[in-house]
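Data block below; observations after.
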Amino acid sequence: MSVTQMENTTPEPHPRKTYLNEGNTIGSWLLTKDHKRIAIMFLISISLMFIVGGWAATMIRAELVEPQGHLMSHETYNKMFSMHGIVMIFFFLIPSIPAVLGNFMVPIMIGARDLAFPRLNLISWYLYIIGAGISLAAMLSGGVDTGWTFYTPYSSVYSNTHVTMTIVGIFIAGFSSIFTGINFIVTIHKMRAPGLTWFRLPLFVWAIYATSIIFLLGTPVIAITLALVVLERTLHLGIFNPAYGGDPILFQNLFWFYSHPAVYIMILPSMGVVSEIIPCFARKKIFGYNFIAFSSLAIALFGFLVWGHHMFVSGQSVYSGMIFSLLSFLIAVPSAVKVFNWTATMYKGRISFDAPMLYALGFIGLFTMGGLTGLYLASLTADVDLHDTYFVVAHFHYIMVGGAIMGFMGGMHFWWPKITGRMYPERWAKIAAVITFFGFNFTFFPQFILGYMGMPRRYHWYPPEFQTLNILSSIGAAVLAFGYIIPAIYFIWSLKKGPKAPQNPWRATGLEWEEVPSPPPTHNFARLPIVEREAYDYEWMDGRDDSLGAASVTGGKGDG
Amino acid sequence: MLKNHLFANAASSFAPKFDDIFFVLTALSVFFTVLVLSLIVIFAIRYRVASTIDRGKPITHNTKLEFTIIGFLSVVGLGVFFWSAKPYATIYGAPPANAQKIYVIGKQWMWEIQHPDGIRENDALHLPLGRPVQLILISQDVVHSFFVPAFKVKRDVVPGMYTSVWFVPTKIGRFRLFCAQYCGAFHSQMTGWVTVMKPKDFAAWEAAGGSFSEGGHETSMVQTGKALFNKYGCVSCHGVSTGMAPSLSNLYMSKVHLTNGSTAIADDAYIREAILNPTAHVPVGYQPIMPVFKDELNEGQVLDLIAYIKSLSATGLPQSPANGASNSSGTGLKAKGKTR
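Taken in sequence, the protein lines are chains A and B.
According to the working numbering, the first sequence is numbered sequentially starting from 2.
According to the working numbering, the second sequence is numbered sequentially starting from 30.
Written out as structure tokens, the structure reads:
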């Protein structure tokens with residue numbers, strides 16, 4: 002992507018004003034309308050939630066070392082996996098990339114000074130905080146034991162835990178997603194820089210756009226569904242409980258109508274990140290731009306048509322099962338297309354292996370395995386056995402942790418210099434990426450075998466024949482934990498001690514690297530850019546005299 | 030060879046079909062994973078930044094190749110889809126005529142099994158080798174799931190709705206039974222054992238009244254249903270030509286016209302609803318005078334009553350105390366599609 006300035010830039014005042022040092026009061030953060038500051042506030046909030054969810058995961062893995070674990074009661078164990086799922090899905094994975102990296106990068110990537118609705122963006126953060134606070138309060142004041150799936154009538158009638166309060170929190174946080182989605186859609190439609198046509202957009206923007214469609218269409222359904230659970234719980238309205246005249250399968254239909262597309266909310270943005278990283282570290286234009294862009298839209302739309310594959314054994318009709326199975330096999334195709342295109346991008350590239358690239362390559366490997374094991378679950382006959390076993394647990398962790406979180410970590414490393422103006426320690430980052438990859442496989446591959454052997458998920462106690470693999474998995478989880486703790490330490494360290502980042506340390510294409518210093522000024526662009534090149538024009542970038550751009554803090558000018 | 034070794038434990042008619050599909054999916058997965066990973070490793074080494082290899086004529090797109098890949102993968106996907114659809118439709122569909130029906134009631138946190146001849150078991154199920162068995166499942170409270178890994182068979186057990194699954198046990202032994210759908214505090218202890226016996230041993234077990242189980246011998250489901258029918262005084266209205274309520278002989282699988290204008294087939298699900306919530310199922314020509322039994326009867330008792338009502342059907346075989354009418358071949362065929 003290339004850019005020419007409309008005028009020469011004026012010399013910079015010293016010290017340079019950035020979004021970080023323009024106002025240091027608490028109020029200047031809590032009342033900010035700057036998408037970059039809101040992104041930072043989201044980053045801090047979701048990181049805290051990740052610690053909560055990770056702590057719950059640690060307790061689960063510790064408990065499962067023994068077939069009849071005695072660290073906690075059955076009730077506590079059930080609350081623990083419920084907390085892990087609810088926190089990680091609703092309060093970490095769903096907002097992770099969109100609300101942090103998307104919030105920070107999308108306006109800059111499209112040459113805008115902010116999102117279309119800055120106040121709405123701030124409200125999104127407050128809704129998230131209120132929602133997360135309420136759900137967290139529910140979990141800490143006694144907990145909830147329904148699992149993140151809230152299956153009825155257990156959740157709506159039988160559970161004696163804080164279901165209502167937890168749901169209220171999720172309901173409120175849902176509006177945060179909806180507002181974020183609206184903001185992205187309007188911004189991407191209306192605020193692209195002159196010359197930045199749809200097919201010159203970075204693929205990350207396409208991915209965020211597709212994700213926003215799901216936010217907008219899916220989130221209201223889960224909000225209403227969970228509200229109905231609360232109504233049945235409090236007023237005994239007969240909606241899902243057959244004893245009141247309701248239908249428990251109806252809940253499953255409504256729940257998965259959102260919660261399957263929600264998987265794509267988690268994975269699509271990571272795919273977008275990987276589409277940025279691979280061309281940069283292969284120094285090559287991405288292979289099959291159009292196919293990657295359209296596959297994001299295809300995934301977002303077809304993702305709404307496969308929810309019934311969570312219900313093959315539920316009692317839904319055999320014919321529904323067949324339709325959903327058929328569509329589920331087909332939705333694997335656009336994902337496979339992406340994997341092919343990323344791989345093909347490396348062909349005849351000039352490949353280097355900085356930490357973001359290691360995360361991106363790890364993503365491809367783990368996502369490929371996660372996607373392929375999804376086919377087992379899309380297959381009607383195989384799913385009859387594998388449904389609700391550890392095979393499913395392993396599968397979706399390959400997608401959500403191996404895929405979504407690897408992508409998130411890759412994006413964090415890739416854009417960290419831009420966001421903070423500091424470099425992270427590359428050697429440690431590479432070590433952490435490798436530890437994460439192996440620790441992850443060590444944790445979750447044994448769970449595929451456990452599932453094949455028949456170990457059901459959400460089992461506090463299990464038959465002794467499953468113990469060896471559970472121990473392996475728990476050891477793997479300990480290794481994986483280091484893969485997250487190490488970056489947490491060096492990221493914080495780098496804020497003060499890291500070397501100052503140049504404007505474009507990766508010599509990457511894109512407005513955020515070519516046009517904006519690290520860290521960016523509050524209004525991003527002194528002069529709005531005009532875009533004249535397609536995305537990922539690394540041939541042009543590497544042909545530039547000053548393509549290192551690295552030395553320059555203002556950068557992005559004089560390329561004629 | 031390898032395959033036989035890997036999947037030596039298949040213990041039901043469905044398990045080999047699962048194993049075949051699992052094996053092929055695993056082969057496909059290994060193939061594609063190895064393909065992608067080796068391409069990445071090869072490219073990463075060949076085109077590493079330090080390498081001076083020829084990078085001439087780089088390509089950035091190839092529409093034909095993309096569509097070829099899309100087409101190829103779609104065909105492979107559709108192939109696996111069609112292949113794996115049939116065994117699924119089979120086990121959740123109508124069973125063979127000679128299938129033994131066994132009723133499974135899930136409740137927090139135990140499994141109650143009712144054999145038509147009256148043997149009841151808790152957290153245990155005894156089956157004869159080689160005879161098709163259809164499980165009819167319903168939950169007393171929340172959603173459970175009946176899962177026997179050795180059979181590769183699983184079926185959700187849902188409140189308010191009969192579900193079914195059928196298979197043939199093909200291996201003698203004791204196999205674990207799990208609840209696979211999270212159902213509350215003691216979910217992980219809602220387990221039991223399925224015992225598959227030689228037909229001769231099973232007959233002896235049956236004759237001894239299921240002495241290997243805790244329940245001991247009881248009267249058949251039909252007889253238990255009849256006793257309930259008398260206990261609740263059903264006969265005072267449903268007796269022959271009282272005029273107050275429809276006679277129940279020949280009711281089963283007949284067409285019923287309701288006062289709300291709809292018609293229903295009097296299958297198991299209908300009869301269950303009509304007993305528990307009669308006011309919503311008043312046949313044309315009758316008053317809504319029947320008491321509501323939904324807080325009175327548990328799912329096991331409802332199954333007993335349905336078995337008794339079925340036995341009143343003239344099309345069924347003559348009632349036999351030793352062998353509930355519900356497993357006669359006639360009703361077995363008519364049962365087609367009535368449960369899901």
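We put the beta carbon where it would ideally sit given N, CA and C, even for glycine.
Keep in mind that this is a model prediction, so the values were computed, not measured.
Chain-order list of residues whose beta-carbon lies under 7 Å from that of residue i (same chain, five-residue window excluded)
i	result
Pro522(A)	Lys18, Thr19 and Tyr20
Ile95(A)	Ser178, Ala263, Ile266 and Met267
Gly239(A)	Tyr245, Gly246 and Gly247
Thr248(B)	Gly147
Thr390(A)	Gly452, Gly455, Met456, Pro457 and Arg458
Bridge-paired residues (DSSP) for residue i
i	result
Thr292(B)	His286(B)
Pro157(B)	Met226(B)
Lys497(A)	Partner(s): none; Lys497(A) has no beta bridge.
Gln330(B)	Answer is none; Gln330(B) lacks a bridge partner.
Ser174(B)	Asp185(B)
Gln69(A)	Trp462(A)
Ser41(B)	Pro198(B)
Ala151(B)	Sequence inspection shows Asn at residue 151(B); the Ala mentioned does not correspond to that position. Looking at the DSSP assignment, Asn151(B) forms a beta bridge with Glu141(B).
Pro312(B)	Leu287(B)
Ser168(B)	Gly135(B) and Pro188(B)
Val162(B)	Gln129(B) and Phe196(B)
Ile352(A)	Arg77(B)
Arg234(A)	Bridge partners of Arg234(A): none, in fact.
6 Å Cβ shell around residue i - same chain, five flanking residues per side excluded
i	result
Phe51(A)	Phe93
Asn471(A)	Leu65
Thr344(B)	Reliability fails at Thr344(B), whose pLDDT of 43 lies under 50, so the model's placement of it is uncertain and the value that follows must be treated cautiously. Same-chain partners within the cutoff: there are none.
Tyr215(B)	As written in the sequence, residue 215(B) is Phe, which differs from the Tyr given in the question. The residues are Trp138.
Thr437(A)	Gly484
Arg203(B)	Trp222 and Thr224
Gly366(B)	Low local confidence applies: a pLDDT of 37 at Gly366(B) is under 50, so the model's placement there is unreliable, with the coordinate-based value given in what follows. Contacts found: none.
Asn91(B)	none
Trp308(A)	Trp257, Phe258 and His261
Residue i to residue j span [Cα, whole Å]
i	j	result
Met323(A)	Phe110(B)	8 Å
Ile406(A)	Ile250(A)	32 Å
Val385(A)	Ala118(B)	11 Å
Phe325(A)	Ala361(A)	31 Å
Val532(A)	Leu387(A)	50 Å
Lys323(B)	Leu32(A)	57 Å
Leu381(A)	Gly112(A)	47 Å
Glu95(B)	Ala536(A)	20 Å
Pro188(B)	His173(B)	9 Å
Pro124(B)	Thr167(A)	44 Å
Gln163(B)	Ala383(A)	20 Å
Ala58(A)	Gly132(A)	21 Å
Met456(A)	Ala179(B)	11 Å
Glu513(A)	Ser103(B)	38 Å
Gly134(A)	Ile124(A)	15 Å
Ala1(A)	Ala430(A)	Past the boundaries of the shown model lies residue 1(A); chain A is included only from 2 to 561, so the question cannot be answered.
Gln218(B)	Tyr132(B)	21 Å
Ala224(A)	Ala502(A)	42 Å
Pro198(B)	Ile120(B)	13 Å
Other residues of its chain near residue i: CB distance less than 8 Å, five sequence neighbours each side excluded
i	result
Arg234(A)	Ser156, Ser157, Val158, Val164 and Thr165
Ser242(B)	Its pLDDT being 48, under 50, Ser242(B) is placed unreliably by the model, and nothing is read from it.
Gly196(A)	Ile531, Val532 and Glu533
For this session: Could you tell me which uninterrupted alpha helix (DSSP H) segments, each at least 4 residues in length, are contained entirely in the region 181–256 of chain B, listed from first to last along the chain?
Result: DSSP runs (the alpha helix (DSSP H)) wholly in the region 181–256 of chain B: 228–236.
For this session: Would you check if the region 324–344 of chain A and the region 193–210 of chain B touch, i.e. whether three or more CB-CB distances between them fall below 8 Å?
Result: Output reads no: the region 324–344 of chain A does not touch the region 193–210 of chain B.
Exercise. With contact counted as at least three CB pairs below 8 Å, one residue from each stretch, are the region 392–406 of chain A and the region 136–143 of chain B in contact?
Worked result: No: the two stretches stay apart, fewer than three of their Cβ pairs being nearer than 8 Å.
Exercise. Counting only runs that start and end within the region 80–143 of chain B, where is the beta strand (DSSP E) found for 3 or more residues in a row?
Worked result: If we require 3 residues or more, the beta strand (DSSP E) runs fully inside the region 80–143 of chain B come out as 129–136 and 139–143.
Exercise. Hey, which unbroken runs of the beta strand (DSSP E) at 3 residues or more fall wholly within the region 452–511 of chain A?
Worked result: Runs found: none.
Problem set entry | Segments of 4+ residues assigned as alpha helix (DSSP H) that fall wholly inside the region 96–165 of chain A | DSSP runs (the alpha helix (DSSP H)) wholly in the region 96–165 of chain A: 104–110 and 119–141.
Exercise. Are there three or more Cβ pairs, one per stretch, closer than 8 Å when the region 69–78 of chain A is compared with the region 40–54 of chain A?
Worked result: As far as the Cβ criterion goes, the region 69–78 of chain A does not touch the region 40–54 of chain A, which means the pair count is below three.
Problem set entry | Length at least 4, wholly inside the region 16–66 of chain A: the alpha helix (DSSP H) runs in chain order | Counting only runs of 4 or more, we get 27–31 and 36–64.
Exercise. Between the region 214–228 of chain A and the region 301–311 of chain A, are three or more C-beta pairs nearer than 8 Å?
Worked result: Verdict: yes, contact present.
Exercise. If you pair each beta-carbon of the region 260–276 of chain B with each one of the region 313–322 of chain B, do three or more pairs fall below 8 Å?
Worked result: A contact exists between the region 260–276 of chain B and the region 313–322 of chain B.
Exercise. If you scan the region 189–226 of chain A from start to end, which runs of the alpha helix (DSSP H) of 4 or more residues do you find wholly inside it?
Worked result: Within the region 189–226 of chain A, no complete alpha helix (DSSP H) segment of 4 residues or longer occurs.
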